Every structure is written in structure tokens, then in C-alpha cells.
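Peer 1: Dumping the structure here so I can ask a few things about it.
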Amino acid sequence: MRLAFDEQGSGPAVVLLHGFPLDRTMWSGQIGVLSGHHRVVTPDLRGHGESPTPPGPYPMEELAADVVETLDAAGIEPPYVVGGLSMGGYVALAMAERLPDRIRGLILLNTRAGADSPEAAARREDSARTIEHEGSTESLSGMVEKLFAPSTLHGRPELVDQISGVIRRTAPGGAAGALRGMATRPDRLGVIRSLRVPVLVIAGEEDAIVPEEDSRAMAEAASDGELIVIPGVGHLSPMEAPGATDAAIRSFLGRLG
Numbered sequence: 001m002r003l004a005f006d007e008q009g010s011g012p013a014v015v016l017l018h019g020f021p022l023d024r025t026m027w028s029g030q031i032g033v034l035s036g037h038h039r040v041v042t043p044d045l046r047g048h049g050e051s052p053t054p055p056g057p058y059p060m061e062e063l064a065a066d067v068v069e070t071l072d073a074a075g076i077e078p079p080y081v082v083g084g085l086s087m088g089g090y091v092a093l094a095m096a097e098r099l100p101d102r103i104r105g106l107i108l109l110n111t112r113a114g115a116d117s118p119e120a121a122a123r124r125e126d127s128a129r130t131i132e133h134e135g136s137t138e139s140l141s142g143m144v145e146k147l148f149a150p151s152t153l154h155g156r157p158e159l160v161d162q163i164s165g166v167i168r169r170t171a172p173g174g175a176a177g178a179l180r181g182m183a184t185r186p187d188r189l190g191v192i193r194s195l196r197v198p199v200l201v202i203a204g205e206e207d208a209i210v211p212e213e214d215s216r217a218m219a220e221a222a223s224d225g226e227l228i229v230i231p232g233v234g235h236l237s238p239m240e241a242p243g244a245t246d247a248a249i250r251s252f253l254g255r256l257g
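Counting with the UniProt record's numbering, you get residues 1 to 257 for the letters of the sequence shown.
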């Protein structure tokens, strides 16, 4: 499936994958900064943003295949750096497992390699059923408080409103399909161990969704791994602290040459 996407710049390709239930606009702070020396590509994953919304569920492997098909159709030749936040990280890891030779470097932001616990998977199914019953993503509005650090919630209402609006606009079928796909994903810490490319892990010091120890485990599993913990931010590091996030990514890309 070909996805809607933005691209900017020229040079080695950097592909950035958004989290759930967001869209490619979350990378607006990065695309301009990174495109000075790289071709930056930001797709909308299926069921999100302007991409098609087929019936679910959406296994992470299918989302990864969509990204690869879209890159191939756009003439974006591998190898490329792939970065993903939260669900986007799950997709990035599925890409790395399926086509490791296409990956030049991996950036994992506010995500984890582990599978859902049975309890977490059950909560995702309950949420998917609620969305389908109500025919909207309004029930996901409570996520916002978990996405941001307290200082962001209280000090940057415009950013909170922006993300709330994106969540409300996400197609109900897309949100339900992604929830069910995330619930069945396997543990991919072994994929990180098998990679022979550099891996950058970015964590938010106040991330209420992904504990720092999960981020540290990914960095330590990589043969060439680095962990950067950004202080004072929650689950959306690129939006809450674009300067620190950009600096970490630019340093990583510079090291790749």
C-alpha cells in the first residue's frame, strides 16, 4: 500500500515514522532542520493522517511493508536511516527484521522492543471495541495527559491542543486496526541484538508510557548503541524538546557520515 508522505531535502535518506494515533505532522520541527544535508521522508502510516484506511487489524509487519513499498515507489534507494517514535518504533523494528540490509542506522524514540503483556493487549482490544462502538476516537482523548510531561501539559496549551486535534481526526477504523496490530507484535529485542548498524535510543525523562529501563535495554542490546535521555519531557520528545531531539539526531547522522 502506498502512503501519503512529505519529503524535503537531498542526500542520504532519513525516514521518520510517527506514533499512535498521530500523523506525519509530528515531525514538522525536525524535517526542516534535518533536510539541510539529508532527504527526509515522513509518511502517514496506514489508517492515519491522509493515508488509506483499509479494514484492520494492522500488524506491524504490514505497516513496515507499506513504508518499504512507498519508498520504492518514490525512488528512495536504500540503505536509509529509519527513525520511529512509539508505534513508529515498532514499525521501524519490523523493517529492520524483514530487510536489515536496507537499514543504515536506526533511531528509536520513546518506544520499546518488548511485546505487550496479556493485560496490555486486553486493554488495547477494549479500546478498539470502544472506538468501533462509538464511531470516533473521542475515547482516546484521555491519552493526552500521558503523552506529555506535566510542565508541557500546563505550560504549552497550544501543543496539547494540536495533538488533541490530531487524535480526534484519526480515522476510527485506523485507530482500531493499529491497536489490534500493536497488541499482537512480538518481542524484537533480538532484532536489535542482530543488527550491525548504529542504534540511537532517545527517551523522555518523564515518559509515563515507556520506562527508562526499557530504553536502556534497547541501547545495551545493540552492538553499537547509544541512549540519550532528554530531561523534562514525556512521550513526545521531538515535539516537547525539538532542539535537544534535533541535536541528538544530527549528531547520530554525523557519526554515520
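In this text, a Cβ means the ideal position worked out from N, Cα and C, and glycines have one as well. Treat the numbers as computed from the prediction; the structure is a model and nothing was measured.
Using the three-state DSSP reduction, which class does Y80 fall into: helix, strand or coil?
Peer 2: What you label residue 80 is simply residue 80 of the sequence shown in a count that begins at 1. It is a strand residue.
Peer 1: For E206, which residues in the same chain have their Cβ closer than 6 Å to its Cβ, ignoring the five residues on either side in sequence?
Peer 2: Within the sequence shown, numbered from 1, the residue matching residue 206 stands at position 206. Within the same chain, E206 has close Cβ partners A149 and G234.
Peer 1: Between the beta-carbon of V68 and the beta-carbon of H38, is there less than 8 Å?
Peer 2: What you label residue 68 is simply residue 68 of the sequence shown in a count that begins at 1. What you label residue 38 is simply residue 38 of the sequence shown in a count that begins at 1. In this structure, H38 does not lie closer than 8 Å to V68 by Cβ.
Peer 1: Which residue comes first and which comes last in the beta strand (DSSP E) that contains G49?
Peer 2: Position 49 of the sequence shown, counting from 1, holds the residue named residue 49. Annotation for G49: no beta strand (DSSP E) segment contains it, and DSSP assigns it neither H nor E.
Peer 1: What is the rounded straight-line gap between the Cα of R104 and the Cα of S127?
Peer 2: On the sequence shown, position 104 is the one that residue 104 refers to. On the sequence shown, position 127 is the one that residue 127 refers to. Each residue's Cα considered, the two are about 36 Å apart.
Peer 1: Please state whether the Cβ-Cβ distance between L167 and T130 is less than 8 Å.
Peer 2: One-based indexing of the sequence shown puts residue 167 at position 167. One-based indexing of the sequence shown puts residue 130 at position 130. This sequence places Ile at residue 167; Leu is not what is there. No, these two residues do not count as a Cβ contact at 8 Å.
Peer 1: Please report how far the alpha carbon of Q8 lies from the alpha carbon of I31, in whole angstroms.
Peer 2: Residue 8 sits at position 8 when you count from the first residue of the sequence shown. Residue 31 sits at position 31 when you count from the first residue of the sequence shown. If you take the alpha carbons of Q8 and I31, they lie about 7 Å apart.
Peer 1: For R188, which residues in the same chain have their Cβ closer than 7 Å to its Cβ, ignoring the five residues on either side in sequence?
Peer 2: To locate residue 188, count along the sequence shown from 1; it is residue 188. Excluding residues within five positions, the ones whose Cβ falls inside 7 Å are L93, E97 and A113.
Peer 1: Where does L16 fall in DSSP's three states?
Peer 2: Within the sequence shown, numbered from 1, the residue matching residue 16 stands at position 16. Three-state result, L16: strand.
Peer 1: Taking the beta strand (DSSP E) that L42 falls in, what are its first and last residues?
Peer 2: Here residue 42 corresponds to residue number 42 of the sequence shown, with the count starting at 1. Note that residue 42 is Thr in the sequence shown, not Leu. Where T42 is concerned, the enclosing beta strand (DSSP E) stretches over R39 to P43.
Peer 1: Quick one, are the C-beta atoms of L17 and P43 less than 8 Å apart?
Peer 2: For the purposes of this step, residue 17 is taken as residue 17 along the sequence shown, with counting starting at 1. For the purposes of this step, residue 43 is taken as residue 43 along the sequence shown, with counting starting at 1. A contact, by the Cβ cut-off of 8 Å.
Peer 1: Measuring straight from C-alpha to C-alpha, what distance separates V210 and N110?
Peer 2: In the sequence shown, the residue the question calls residue 210 occupies position 210. In the sequence shown, the residue the question calls residue 110 occupies position 110. Each residue's Cα considered, the two are about 6 Å apart.
Peer 1: For a test of the three-state rule: what should DSSP assign to F252, helix, strand or coil?
Peer 2: What you label residue 252 is simply residue 252 of the sequence shown in a count that begins at 1. Helix, per DSSP.
Peer 1: May I ask you to report which of helix, strand or coil DSSP gives D6?
Peer 2: Looking up residue 6 in the sequence shown gives position 6. Three-state result, D6: strand.
Peer 1: What's the gap between the Cα of A4 and the Cα of S51?
Peer 2: Position 4 of the sequence shown, counted from the start, is the residue given in the question as residue 4. Position 51 of the sequence shown, counted from the start, is the residue given in the question as residue 51. Rounded to whole angstroms, A4 to S51 spans 5 Å at the Cα level.
Peer 1: Can you name, in chain order, every residue of its own chain whose Cβ lies under 6 Å from the Cβ of V33, other than the five neighbours on each side?
Peer 2: Here residue 33 refers to the residue found at position 33 when the sequence shown is read from its first residue. Within the same chain, V33 has close Cβ partners D246.
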